[in-house]
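There are 2 protein chains.
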Amino acid sequence: MALATVPTMASTPVEESPHYRPLYRQVYDSLVRQIAEGAWRPGEALPSEQALAARLGVSQGTVRKALDTLAVEKLIERRQGKGTYVAEHTAERSLFRFFKLTLPDGTRATPTTEEGETVRRRAARAPELKRLGLAPGASVVEINRVRSIDGSPAILERILLPVALFPDIDKRIPLPNALYALYQREYGQNIVAAEEELHADVARREDAKRLGVVVGTPLLHIERVGIGVDGTRVEWRTSRCDTRRLVYAVTLS
Amino acid sequence: MALATVPTMASTPVEESPHYRPLYRQVYDSLVRQIAEGAWRPGEALPSEQALAARLGVSQGTVRKALDTLAVEKLIERRQGKGTYVAEHTAERSLFRFFKLTLPDGTRATPTTEEGETVRRRAARAPELKRLGLAPGASVVEINRVRSIDGSPAILERILLPVALFPDIDKRIPLPNALYALYQREYGQNIVAAEEELHADVARREDAKRLGVVVGTPLLHIERVGIGVDGTRVEWRTSRCDTRRLVYAVTLS
DNA sequence: TGTATAGTATCTTATAGAAGAGTTGGCGGC
DNA sequence: GCCGCCAACTCTTCTATAAGATACTATACA
Chain A
362 MALATVPTMA
372 STPVEESPHY
382 RPLYRQVYDS
392 LVRQIAEGAW
402 RPGEALPSEQ
412 ALAARLGVSQ
422 GTVRKALDTL
432 AVEKLIERRQ
442 GKGTYVAEHT
452 AERSLFRFFK
462 LTLPDGTRAT
472 PTTEEGETVR
482 RRAARAPELK
492 RLGLAPGASV
502 VEINRVRSID
512 GSPAILERIL
522 LPVALFPDID
532 KRIPLPNALY
542 ALYQREYGQN
552 IVAAEEELHA
562 DVARREDAKR
572 LGVVVGTPLL
582 HIERVGIGVD
592 GTRVEWRTSR
602 CDTRRLVYAV
612 TLS
Chain B
362 MALATVPTMA
372 STPVEESPHY
382 RPLYRQVYDS
392 LVRQIAEGAW
402 RPGEALPSEQ
412 ALAARLGVSQ
422 GTVRKALDTL
432 AVEKLIERRQ
442 GKGTYVAEHT
452 AERSLFRFFK
462 LTLPDGTRAT
472 PTTEEGETVR
482 RRAARAPELK
492 RLGLAPGASV
502 VEINRVRSID
512 GSPAILERIL
522 LPVALFPDID
532 KRIPLPNALY
542 ALYQREYGQN
552 IVAAEEELHA
562 DVARREDAKR
572 LGVVVGTPLL
582 HIERVGIGVD
592 GTRVEWRTSR
602 CDTRRLVYAV
612 TLS
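Residue numbers (my numbering), protein chains in the order written: chain A, 362 to 614; chain B, 362 to 614.
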C-alpha cells in the first residue's frame, strides 16, 4: 500500500518498485517535505495523528512511527494530551544546540555583538560556491562582527549567506543575537544540522587588534556549514575564538 | 503489569508506584543492565525478540520498542532476518565514532603509534580524581604516546585510566591501535559516549621536540572523558594535535 | 552443484485502550 | 442574575499487543 498523496507510487505495487520504502518512511518523507515547504509555521501545531492518518490513508500507528522519527531529529515536538508542534529556534535553544562554546567553568556563554558590525553584498568566490553548493555567478551576503562575552571581545565571526535565500537581510542591521531564529522566522530557513571543522591558529595583527589580544595568542578557528531540512547548505560561518575565555565543549555519542 | 524479572515492581500495581515506568522502559533498563553486566559478550547475538518477550512476559512489540532505543544508542545492532547483536568496537568503528580528526581533504585518518610509548602506574592527583569521578587514594595508569599520520608525528596523547577498572593494562605494551576495542574485549568497559573540550594552544619546547615542529606552532588541545554504559567515567584522554596535518571535523544535529 | 523450501529472525502495519490536558456545562451559593 | 467549583466530555498523545510481510540461513533434493 502506498500513500494516497504519492500517486507515482500508488500506481504500481510497492513490491515491484525498486525505490520501495516502508509506509511509515513515506509518511516521514511527506511530512519532512511539507515542513520544509512551510505548510505549518514553526511553533504551530500539526494535525493530530488521527487526522494525518485519515488524510494519508494509513493507520494512526504508522503516522506515529513517522512522527517519532521526526521528534528524535528535533524537527517537531510532542506534548501528550496537547499536540505535535513544529520545532522553533528560540534564542535559548539554538544556542544550546549549535553553539558549543562555553565558559571555562562549563556554564553557558551568551555572547553579544559589538558595535561596528558590517553587512555587504557581493559575488561569491570559487571556494564559497563550493562550500555553499551554489551555481557559478551566485551572490552572497557577507557579515562581519565581533562577539563579546561579559562585555569584552572573544570571537571574530564572518558569516556568508546566499542572497537567493536571504534577499534583504543586508537591510536588517543591527542583526539580532539569535540568527538562526531569524533565518527560520523571516526566511523559512530551518537549520537542523551543522558540519564543523576546527583548526588551531594564532592571532595575526588584524585579529589581535579586533580581539584586544597580543599577536601570537592561540585562537580556535571554526568553520561551520549550516544545513537545512532538505539538505540545503544555508550558511557558512567562520569563527575565530580566544579559548582562554571560551572552551569548545561537545558530547559525542 | 510489571516485568516478571523485576519482582520489586511486580508486587505493587504500577499505577500506584511513584517510580512508574512504562513496560518498554523496564525492558530497556533490564537489557541495559544485563549488557553492562556482560550477560552477552560484544558481537554475540541476543535472544530473539520472541524469546525475550516470552522470558519477560511481555509482547514482542514491547521488547522491540526497547531494542529500538538500544539500537539508536548504538548499544546493539540489528540485522533483519538474522538477529540482534551487542555492538562491538571494531578498530574501524571506534575510530569513526569517537575519533573526529580527519585529513585536510576530509578523508579518514588512521593514526599509528610511534616507538617510545610509556605506561606507568601511580596515585591519582586531585584534578584526575575529579575528572574520573574516583575516590581519594585511587590509582591510575598513565599512558603517553606519539601518534603518527603517514609515518610522521601529528598527535601527542596522554591517557589516564583507573587501575580499578584496568588492573593489568600496564603489562600489555605495546598497546593496540584500537584502544576502545581492547577496553571492551579484555576489561568489559564499553565506551558509549565521550565529552570533549577543545582549546587552541601553541607548541612548547617539549611538544615541539616530540612532534617535530617549531616552538609556537598552533596546536589543538583536546580533553576527552570516555563514558561507559552505566555512566562511569572510564578514560581521560588528552590529545595535542598539529592541525596543519589533521582537522577536527564534527557534525552537530 | 545449483535450486527449492522450510524455519526463524526482524520489520511493518493495524487496533484497542490508557493517560494527559483542556473545555464545557451544570449546579449551588451569594 | 452572577460567580466559582467540579464533573463529564472530548481531544490529544502514549502504551501495549497481535498478525502478517520481509529477510536471511541452512538443509534437502535433483
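Ideal Cβ placement from N, Cα and C applies to all residues, glycine included.
Could you name the residues of chain A that residue i contacts, counting a contact when the two beta carbons are closer than 9 Å?
i	result
E478 (chain B)	Chain A residues near E478 (chain B): none, gap ~24 Å exceeds 9 Å.
Rounded to the nearest angstrom, how far is the Cβ of residue i from that of residue j, given a contact under 8 Å?
i	j	result
I437 (chain B)	V424 (chain B)	That pair is no contact at about 12 Å.
Y609 (chain A)	L543 (chain A)	Contact doesn't hold; Cβ gap of about 24 Å is too wide.
T445 (chain B)	A406 (chain B)	7 Å
Starting from the beta carbon of residue i, find every residue of chain B whose beta carbon is closer than 9 Å, and list them in chain order.
i	result
F459 (chain A)	L613
Nearest by alpha-carbon distance to residue i: which of the options is it?
i	options	result
R519 (chain B)	B:K532, B:L526, B:L540	B:L540
G512 (chain A)	A:A470, A:V563, A:L392	A:A470
A499 (chain B)	B:R483, B:R454, B:V507, B:R506	B:R483
Q387 (chain B)	B:L493, B:L413, B:E405	B:L413
R506 (chain A)	A:L521, A:P497, A:G494	A:L521
L464 (chain B)	B:R394, B:A515, B:A485	B:A515
V576 (chain A)	A:I583, A:P497, A:E567	A:E567
E316 (chain A)	A:V502, A:P537, A:D591	Limits of chain A in this structure are 362 at one end and 614 at the other, which puts residue 316 (chain A) out of reach.
Y385 (chain B)	B:L407, B:V586, B:A427	B:A427
R458 (chain A)	A:S600, A:K491, A:I552, A:I583	A:I552
R546 (chain A)	A:D390, A:A554, A:T451, A:P535	A:T451
T474 (chain A)	A:A554, A:S409, A:P535, A:L462	A:P535
T578 (chain A)	A:D429, A:K532, A:C602, A:Y381	A:C602
P383 (chain A)	A:G494, A:V419, A:A397, A:V502	A:V419
Which bits of chain A does residue i rub up against, with CB to CB less than 7 Å?
i	result
L580 (chain B)	A561
Report yes if the CB atom of residue i is closer than 8 Å to the CB atom of residue j, and no otherwise.
i	j	result
R402 (chain B)	I510 (chain B)	no
V574 (chain A)	A564 (chain A)	yes
L431 (chain A)	L392 (chain A)	yes
T604 (chain A)	L581 (chain A)	yes
E489 (chain B)	W597 (chain B)	yes
V433 (chain A)	V590 (chain B)	no
L517 (chain B)	V595 (chain B)	no
A555 (chain A)	R508 (chain A)	no
Can you check whether the C-beta of residue i is within less than 8 Å of a C-beta belonging to chain B?
i	result
T604 (chain A)	yes
G577 (chain A)	yes
E376 (chain A)	For E376 (chain A), the predicted model reports a pLDDT of 32, less than 50, meaning its position is unreliable and no value from the coordinates is stated.
Y389 (chain A)	no
A448 (chain A)	no
V574 (chain A)	no
A487 (chain A)	no
Interface residues of chain A around residue i at Cβ under 8 Å?
i	result
V608 (chain B)	E558, L559, H560
V433 (chain B)	V433
Give a yes or no on whether 8 Å exceeds the smallest Cβ distance from residue i to chain A.
i	result
A554 (chain B)	yes
V524 (chain B)	no
A365 (chain B)	For A365 (chain B), the predicted structure reports a pLDDT of 41, less than 50, and the residue's modelled location is therefore unreliable. A value from the coordinates is still provided. A365 (chain B) does not count as touching chain A.
E596 (chain B)	no
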